[in-house]
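Here the sequence shown stands for residues -29 to -1, 1 to 61, where the numbers follow mature numbering (1 follows the signal peptide of the UniProt record, and there is no 0). All C-beta atoms in this analysis are idealised placements derived from N, C-alpha and C, irrespective of residue type, glycine included. Quantities reported herein were computed from a predicted structural model and do not represent experimental measurements. Some notes on the structure that comes next.
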Amino acid sequence: MNKQDLLVKSAIASLLAFGSMTLTVPAVAADMSKMEQCFGIAKAGKNDCAGKSSAHSCAGNAKKDGEKDSFVLVPKGTCAKIVGGIPGHM
């Protein structure tokens, strides 16, 4: 294999890789519209993001199980079915 063949194959592989990445981003965004924040059910260190009362601002910072100001994302309509779950807004 000469350098030109290698260059062409590398360019094609890069285009395919970047093309497939752009296909997945809208799918993730579309899925987020079907999710809701569910407060009060996150395990310690397993919350998805910021707390309601700003006790922390990052995912994974819940200090104890069931913190009322920490949430996890669940499919819409699920939080109301979970004991201790408090539906929130995204």
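Query: If you draw a straight line from the C-alpha of residue 13 to the C-alpha of residue 53, how long is it?; Result: 11 Å
Query: Count the other CB atoms, across all protein chains shown, that sit within 10 Å of the CB of residue 33; report buried if there are 16 or more and exposed otherwise.; Result: buried
Query: From which residue to which residue does the beta strand (DSSP E) around residue 54 run?; Result: Per DSSP, residue 54 belongs to no beta strand (DSSP E) and is neither H nor E.
Query: Among the candidates 7, 56 and 17, whose CA atom is the shortest distance from the CA of residue 39?; Result: 56
Query: When the Cα of residue 36 is compared with those of 11, 28 and 19, which residue comes out closest?; Result: 11
Query: Along the beta strand (DSSP E) that carries residue 9, what are the first and last residues, could you check?; Result: 6 to 10
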